[in-house]
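Undergrad: Below you will find the structure I want to go over with you.
Number of protein chains: 2
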Amino acid sequence: MLAAAAVDLFYRQGATATTIREITQACGLTAGALYNHFASKEELLYTVVRDSHLNLDAAVVRELDSAGDPPAKLAAIVRVYVEQHARHRKSSRVANSEYGQLTGERRAEIVEIRRRLRDRVTDVLRAGERSGHFQLPGRDEATIVARAILDMCVHISAWFHEGQPLTTADLQDRYVTLALRMAGST
Amino acid sequence: MLAAAAVDLFYRQGATATTIREITQACGLTAGALYNHFASKEELLYTVVRDSHLNLDAAVVRELDSAGDPPAKLAAIVRVYVEQHARHRKSSRVANSEYGQLTGERRAEIVEIRRRLRDRVTDVLRAGERSGHFQLPGRDEATIVARAILDMCVHISAWFHEGQPLTTADLQDRYVTLALRMAGST
DNA sequence: GAACTGGATAAACAAGCGTTCATACAGTAG
DNA sequence: CTACTGTATGAACGCTTGTTTATCCAGTTC
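So, in structure tokens, the structure goes:
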């Protein structure tokens, strides 16, 4: 409940610009009540950001396992990313734009998850390059193309919202096509 | 000088998390001195954000005029975007991630510039679709493909920094290729 | 040299921040 | 009934925030 209110406010105003009193008031509580559930404002942000990243990572792993060749794997990843950033756009956007406010170990943990997520895409692109399924636009380009694909997928959360005429499923189809084209899928 | 220090701090910490005293201290001044140059913290942010947007817009218009067919125009836009977001990554990133903190008329002005920038890309994609240079992945997809291309270009500023082995010029070439592939350039 | 200007200062301001704490109260267990 | 746990409260804490103000000083202009 508190976490949900926090996501909503962080999404609209940014985490730094959002007040403990705003968050608790949105749940009909007073400021002090928050500290029965979270040790600090940063821990609350950390919880929200980590949950979003872990959900995404788990979904990617799940879909990756049940996909076959590199094009199928890339399509699966893109499908998951679009789904996550379209359907849970508030928490996803908070996760992506506010994780930098974390400090120390918490920040390091999130950065590590993000590196892992990026590597999964890079690995698929490299495998596809070797197998001849993909033709990337340069030498050792997998990391760059991975970043480009992820940037375009992640930032859906900044502008998309479900409704006429474009559904999440539509968006998934379009973005899979775009990603495969970027990879030079044959 | 003050604006440059502000860009640097906004880039590293976010605008809300950055203090007037931090900005002025970075220039060897005290807090009050800022108000000889800017009416408020928001006006300082506004100046920084607007300058970045206007520079980008001017560069896009200039290059667009001297490019021929739709593929050349799309390539020109991507070149400008990559250049701007790679070489001036701090101010670009601040412009893109902090403009939402502006309020009222100032915010409306920036939102309008951003819409115009997006429309320039959409128009090129539509023209290329009509002329047969492009084949977009669906019906009336120009707006979506435009967003995807811009998202991937803009967010270079979050991870790129000039150096070995990848130069800005390299990145421009790669991203032009990616964008043309996304548009289904023949 | 008098008048004016632009820009700097230290000090203060009210408001708001995240956080703590003593207290209270409802529900559950023994 | 008693003890305990979980959670809420309101008031306070010390600190920081953006901003204002009276004052000062170095140049420039006449």
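Those sequence lines, one after another, are chains U and H. Under numbering that gives the first Met the number 0, the letters of the first sequence match residues 0 to 185, in that order. Under numbering that gives the first Met the number 0, the letters of the second sequence match residues 0 to 185, in that order. The beta carbon of each residue, even a glycine, is placed where N, CA and C say it ideally should be. These numbers were taken from a predicted model, which means no experiment stands behind them.
1. Under three-state DSSP, which class holds U/H160?
2. Looking only at its own chain, which residues have a Cβ that is under 6 angstroms from the Cβ of H/K89, when we skip the five neighbours before and after it?
3. Are the beta-carbon atoms of U/A38 and U/A4 separated by less than 7 angstroms?
4. If you reduce the DSSP assignment to three classes, tell me which class U/S130 lands in.
5. Counting only beta-carbon atoms, is H/I143 nearer than 7 angstroms to chain U?
6. Considering H/H138, what are the terminal residues of the alpha helix (DSSP H) in which it resides?
7. Can you pull the chain H neighbours of U/D150, defined as C-beta to C-beta under 7 angstroms?
8. Quick check on H/S65: does DSSP put it in helix, strand or coil?
9. Can at least three beta-carbon pairs, one atom from the segment 91-108 of chain H and one from the segment 117-124 of chain H, be found at a separation below 8 angstroms?
10. I need the DSSP call for U/L28, collapsed to helix, strand or coil.
11. Please report the straight-line C-alpha distance between H/V77 and H/L165, rounded to a whole angstrom.
12. At a Cβ cut of 8 angstroms, what residues of the segment 89-105 of chain U count as close to chain H, listed as they run along the chain?
13. Label H/E161 either buried or exposed according to how many other C-beta atoms from any shown protein chain fall within 10 Å of its C-beta, with 16 as the threshold for buried.
14. Does the distance from the C-beta atom of H/I22 to that of H/L44 stay below 7 angstroms?
15. Could you check whether the Cβ of H/M181 sits closer than 7 angstroms to any Cβ belonging to chain U?
16. Taking U/G99 as the reference, give the member of H/A14, H/E140 and H/L177 with the closest Cα.
17. Roughly how many angstroms separate the alpha carbons of U/A2 and U/A57, rounded to a whole number?
TA: Taking the geometry as given:
1. In the first sequence, the residue the question calls residue 160 of chain U occupies position 161. Coil at U/H160, not helix or strand.
2. Position 90 of the second sequence, counted from the start, is the residue given in the question as residue 89 of chain H. Shown here for H/K89: same chain residues with a beta carbon closer than 6 angstroms to its own, the five before and five after excluded, namely V6 and Y10 in chain order.
3. What you label residue 38 of chain U is simply residue 39 of the first sequence in a count that begins at 1. What you label residue 4 of chain U is simply residue 5 of the first sequence in a count that begins at 1. No, the pair does not count as a contact, with Cβ atoms beyond the cut-off.
4. Start at 1 with the first residue of the first sequence, and residue 130 of chain U comes out as number 131. The answer is helix: DSSP assigns U/S130 an H, G or I state.
5. Position 144 of the second sequence, counting from 1, holds the residue named residue 143 of chain H. Yes, contact with chain U.
6. Numbered from its first residue, the second sequence carries residue 138 of chain H at position 139. Residue identity differs from the one stated: residue 138 of chain H is Arg in this sequence, not His. Membership of H/R138 in any alpha helix (DSSP H) is not indicated, and neither H nor E is assigned to it by DSSP.
7. As a working note, residue 150 of chain U is residue 151 in the first sequence. Those are D150, M151 and H154, listed as they occur along chain H.
8. Position 66 of the second sequence, counted from the first residue, corresponds to residue 65 of chain H. Reduced to three states, the DSSP call for H/S65 is coil.
9. Touching, no, given that fewer than three Cβ pairs across the two stretches are closer than 8 angstroms.
10. Taking the first sequence and counting its residues from 1, one reaches residue 28 of chain U at position 29. Three-state result, U/L28: coil.
11. Numbered from its first residue, the second sequence carries residue 77 of chain H at position 78. Numbered from its first residue, the second sequence carries residue 165 of chain H at position 166. H/V77 and H/L165: Cα-Cα distance of roughly 17 angstroms.
12. Going along the segment 89-105 of chain U in chain order, one finds S96, G99 and Q100 with a Cβ nearer than 8 angstroms to chain H.
13. Looking up residue 161 of chain H in the second sequence gives position 162. When all chains shown are included, H/E161 counts as exposed.
14. The residue labelled residue 22 of chain H in the question sits at position 23 within the second sequence. The residue labelled residue 44 of chain H in the question sits at position 45 within the second sequence. Using a Cβ distance threshold of 7 angstroms, H/I22 and H/L44 do not count as a contacting pair.
15. Start at 1 with the first residue of the second sequence, and residue 181 of chain H comes out as number 182. Answer yes: the Cβ-Cβ gap between H/M181 and chain U drops below 7 angstroms somewhere.
16. Sequence index remark: in the first sequence, residue 99 of chain U carries index 100 (1-based). If we check each option's Cα against that of U/G99, H/A14 comes out closest.
17. Within the first sequence, numbered from 1, the residue matching residue 2 of chain U stands at position 3. Within the first sequence, numbered from 1, the residue matching residue 57 of chain U stands at position 58. In a straight line, the C-alpha of U/A2 is about 20 angstroms away from that of U/A57.
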